[in-house]
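Novice: Below are the structure tokens for one structure; questions will follow.
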Amino acid sequence: MLVATVAGYGRRVHADQICDQQGSTTTYFCQGTSSDAQDLIDIDNVQVVTGDPFSVSTIISYAIAITGDGALSYTDYNGATLSSDVDNAFYIKSNEDDGSTPGSVTVVSNGTFNGDFQSYNFGTGNLSITLNAGGSVSGGGWGIYADNRGSSSYVTVNGDVTADIGVFGEAGTGVYVNNDGSGPLEVTIGAYGSVSAEGYGVNARATSGPITINTYGDVTGKNDAAINAYSYAGTDITVTTGANATVSGVTGINVYNKGYGEVAVSVSGDVTGTDGNAIGVTNRRGTDIAVTVGAVSTVKSSSDADGIEVDNEGSGSINVTVYGTVNGGEIGVEAVTLSGTDVTVTTGQGSTVSGSYAGINVTNGGSGTVIITANGDVTGQTGIGVSNYTGNNAQISVGAGSTVTATSSSNFAVNVEHGGADITVAGDLDGSRGIQFDQAKAYANTLTIGTTADITGTVLAGPGTNDALLLSGPGQGEFNLSDIDTGAGTQQYRNFESFEMESGNWTFTGGTSMPLTVMGGVLRGTGTFGDLDIVGATLAPGNSIGTMRVNGAFTLSGGAVYEVEVNAEGQSDRVVVKGTVNLTGSTLRVLAANGDYKQSTDYTIIDNDGGDAVQGRFAKIENDLAFLKPSVDYGGGDGNDVVLTLTRYHGKHNGGGASFCSVATSPNQCHVAKALDQFPTTNPLFLSVLFQSAEGAREAFNALSGEVHATVAGTLVEDSRYAREAVLGRMTQASHVGGALGSGGPQVASRRAAYDAGAMRLGGNFISEEMAAEPAAQPLAFWTQGYGARGTFDGDGNAATADRNLGGFISGMDASVGGSWRAGVATGASFSDVSVDERYSGANTKTYHLGGYVNGDLGGFALRGGGLWAWSEIETARAVVFPGFFERQKADYDADTGQLFGEVAYATQVGGIELEPFAGLAYVSVESSGFREKGGAQASLRTSGIDQDVGYTTVGLRAATTMMWGGMAVTPHIEAAWLHAFDDVTPGASLVFATTGIGFDVDGVPLAEDAALLDAGVDFALSDRLSAGVSYQGQYADSLEDNAVKGRLTWLFN
């Protein structure tokens, strides 16, 4: 063996030259293989670095030992193997600080340690151990042993650590960390790491600093805790497990805090206690304790232990939250505080907590409040047990959708052994016994039952005189009053002194002598009460029409509403009262069903069997039917009953009554209403409207109006513009053959190439010499124009908005008739659909066009004129819908549309732009045939015909120019105009109810009186014989937006 001395640094002893000093530095490089020796390095501030390969195997302790003062480190990224047949494979120790250099230890390795891994720091610095992925420690008494007398300790395991049995037969510990310094102790088991030991998996102890243990890999302690955290006098302790981590030991996680900080345990993976608690936390002097179990976690203890046990002897609170599964052998979650503040246990939706003795058990001897919220399932011989020795009531809540089950027939689903409690149940309590309050001492206990609650077992209030039974919402619930004990001791709810309904929509059956106070919500059903006091709530007997009984006093206080359903047969809700009746300040709300009511009908709504007169009066009477007038007699029946009288209240049949028009809010509604006013009183349609609310009556007037017929006439007038403009566009095109203003018109074809070329040349002589001269005036020209449009005609508060889709074409031919004048004929077809969604109405039209036109020049002015006649086939359909009424009506009829139009224009040129100001006049007349709707028997309409006449004036300007773009002629063109409509701008129809012959006038959606017209596009000369163009056409007004796109393709043929 070679012994060498290094001056100023210490001594090194080694065999086979495994580790060599690098020059005069304190760095040692270890490389090679040794199978029969150990490498001992005793150098201050030494840095040991491995090469590849590096392997030491020894039959005695320590394959490698590193000691010295100051900062010591061992770095191995080459997977070195260190083995000892005795015990310790690796040893490193910093004895003390080296002058100003704090003593510290740093180890980073991905190697293999066959034997214990021991590290010590007796200096003032940190101790840091990192086992990287691929590394492993196979120890006996210890896997990784880290003892730090300095500041902070950090151990990170991304490899595998195992500990078996020590040399003295003791169960090994996988990772042991002791930190006597004031800095943090942190242990991290990475996602690729694992720790498995015969004793503790991870054992972390700190004297004064905080402890943090994070495990994302598996940790196993076969004969002791998998994770143990012990603070002697430190600060906070935090233990966290990842979603894929599995922690299993005699105790899964054990935390013992003798320090003064907080404890937080957060579990996202599975934790198992094989012979003890799965999670145990004891706080001797510390403050708050928080334990959280994640949604995918399962926490399970042995049969004689708890899933989670928390014992707080310190001054803080306990907070346990479970989103996953906790299975306790005895108790699922047990929380005990002797001197702390609040104890809070919460289970989330979808969670499960169970124990053979109790699901949740809380003992509070501190100064705070117990708060238990179960939103998942809780099961035990006792589901939830509480011993509350403080003066504060425990707050226990069982949420909607959750179930608390007592598996023992002698135990309760919720049991308050000591102390008062406020219990709220919105979920299910299963078992023969439901709830028990403290039976030994009187408290002011409260039980609140939600509308979604289902309590199957007995409920025992305490022995005091202030226990309250409350009903609360939201939603609809049912309650059997016969389940309330009034002295016999056999009913479900026993020993309660007060009964109150706070909110919700509750239906009562059965009966009780206990008084009920209703502070909010809606009380329904057929129950029998002692005293009944409605305060700020609604009383609505029955589930439709029904009777309630009050054996004591009946009070409707200010803000209360008595909601009474009645029908035409004389039946109504009622309350039968044996005591006093007081109605002061309340509201009577009458809900009358549809039906044929008599001229006057009486209803006894309060049957007062007591001897006293009714006290007070309804402050307000609300009635949902507009034409039935309610009145109340407070001394009716036997002299002290409350009797409601409904009287038909219609002007035709009851002098001074209301007309249907009195509730109308538009002229159309009023016109229909006035027609209905004249109907016989026995007419089914009259009765259907008579027994409507004001809003229902307005719906009826709109539904019956048939305004779609007037609206369709207006759209025919509006649609005529597209045929008219196609013809005017052709005449404009013919006036400007060879000019830029000649572009953008219809497709043209003729028997003369020169004429076609002129129409195609887009304003410039650039295609051929042949096109330079103006064409002769004789040719016969054929043209066609397609169009499609979508428009919205806004309602005006009288007629509803209409949407119209239109498509069609106009074709024609014209020829010269001498000089500059040309004459022609045109024909075409169009198709449209009209939707009036607010009236559930629509129409489809097919229209065919025929007309003639003439144009020419006179004194420099272009004169253009023509006329068109159109035949339309119309199909309408509408649904007549209002409360209690539905019919479908259809009609087929014809309409004729005639129009005359003319235009004068003057063409000029400014620079390279051709301009043409123009003015036009048109007159359009629509006249439809008579029709009678077919469909339902009551609401069909007929008419002898609908007509509408509208005039238009137009003033505008056209502009166009031609330019070259990439060798191609391009002609942009635009037309802008102001359109003014006059005469019958609001379409109207005179319609008659077919069953009675009584008529009314109705207006459709109005046309725009003033609108802006825009037609803009561009044409392209694609070749000598082919041109194309596209243009947008729009009409804009306050009440109208109509948009159209036109495309044109012209091909020249011989």
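Residue numbers (my numbering): 12 to 1065. Built from N, CA and C at the ideal position, the CB exists for glycine as well. Remember, predicted model here, so these are calculated numbers, not experimental data.
1. Using the Cα positions of PRO1017 and ARG535, report the straight-line distance between them to the nearest angstrom.
2. Identify, in the order they occur along the chain, each residue of the same chain with its Cβ nearer than 8 Å to the Cβ of ARG762, setting aside the five sequence neighbours on each side.
3. Sort ASP433, ALA455, THR462 by Cα distance to ASP439 and report the nearest one.
4. In terms of alpha-carbon separation, which member of ALA1039, GLY1040, ASN1054 lies closest to GLN1046?
5. Considering only their Cβ atoms, is the gap separating VAL1013 from GLY717 smaller than 8 Å?
6. Can you tell me whether PRO928 is helix, strand or coil according to DSSP?
7. Does the segment 475-486 come close enough to the segment 415-428 to have 3 or more Cβ pairs within less than 8 Å?
8. Is GLU574 close to chain D? Criterion is C-beta to C-beta, closer than 8 Å.
9. In this structure, how does DSSP classify ALA834 when only helix, strand and coil are distinguished?
10. Who are LYS631's beta bridge partners in DSSP?
11. Got a sec, what are the start and stop residues for the alpha helix (DSSP H) LEU711 sits in?
12. Just to confirm the assignment, what range does the alpha helix (DSSP H) spanning ASP730 have?
13. For the alpha helix (DSSP H) containing PRO695, name the first residue and the last one.
14. Does DSSP put VAL674 in a helix, a strand or coil?
15. Going by CA-CA distance only, name the one from GLY878, VAL166, GLN487 that's closest to THR223.
16. Express the C-alpha separation of ASN562 and GLY622 in angstroms, rounding to a whole number.
17. Check the C-beta distance from ILE77 over to GLN49 and give it rounded, since I have them as a contact under 8 Å.
18. With DSSP as the reference, label LEU1033 as helix, strand or coil.
19. Could you work out which residue in ALA451, GLN447, THR467, LYS452 is closest to LEU458 when comparing CA atoms only?
20. Should the segment 288-297 be regarded as contacting the segment 263-274, the criterion being three or more beta carbon pairs within less than 8 Å?
21. DSSP state of GLN1046, grouped into three classes?
22. So is ASN255 buried or exposed if we call it buried at 16+ other beta carbons inside 10 Å?
23. Name the DSSP bridge partner or partners of PHE1011?
24. Apart from the five residues just before and just after VAL356, which ones in its own chain have a Cβ nearer than 7 Å to its Cβ?
25. Looking only at C-alpha atoms, which of GLY1040, LEU1024, ALA1022 sits nearest to ASP1030?
26. Could you check what DSSP says for GLN450 in three-state terms: helix, strand or coil?
27. Looking at the strands, I want to know which residues DSSP matches up with ASP544.
28. Report the partner residues of ILE264 according to the DSSP bridge assignment.
29. Using the Cα positions of LYS631 and GLU574, report the straight-line distance between them to the nearest angstrom.
30. Using the Cα positions of ARG889 and GLU580, report the straight-line distance between them to the nearest angstrom.
31. Quick check on ASN159: buried or exposed, where buried means 16 or more other Cβ atoms within 10 Å of its Cβ?
32. Which same chain residues, not among the five before or five after LEU471, have their C-beta less than 6 Å away from its C-beta?
33. According to DSSP, is GLU324 helix, strand or coil?
34. How big is the Cα-Cα spacing for ILE103 and ILE75?
35. Looking at the ligand MG, does it come within less than 7 Å of ALA708, judged from the CB to the closest heavy atom?
36. With a CB to CB cut of under 6 Å and the five nearest residues on each side skipped, what residues in its chain are close to LEU698?
Specialist: With the given structure in hand:
1. 50 Å
2. Its pLDDT being 43, under 50, ARG762 is placed unreliably in this model, and the value from its coordinates should be taken loosely. Excluding residues within five positions, the ones whose Cβ falls inside 8 Å are PRO790, LEU791.
3. THR462
4. ASN1054
5. yes
6. strand
7. no
8. This model lacks chain D altogether, as it is built from one protein chain only.
9. strand
10. THR598
11. Just to set this straight, residue 711 is Ala in the shown sequence, not Leu. Start and end: 705-715.
12. 719-746
13. 695-701
14. helix
15. VAL166
16. 13 Å
17. About 11 Å separates the two Cβ atoms, so there is no contact after all.
18. coil
19. GLN447
20. yes
21. strand
22. exposed
23. LEU1002
24. VAL331, VAL344, ALA346, ILE371, VAL373, ILE383
25. GLY1040
26. coil
27. THR528, THR566
28. ILE238, ILE290
29. 12 Å
30. 33 Å
31. buried
32. GLN447, ARG505
33. coil
34. 8 Å
35. Here there are no bound small molecules, and the ligand MG is not part of this structure.
36. ASP607
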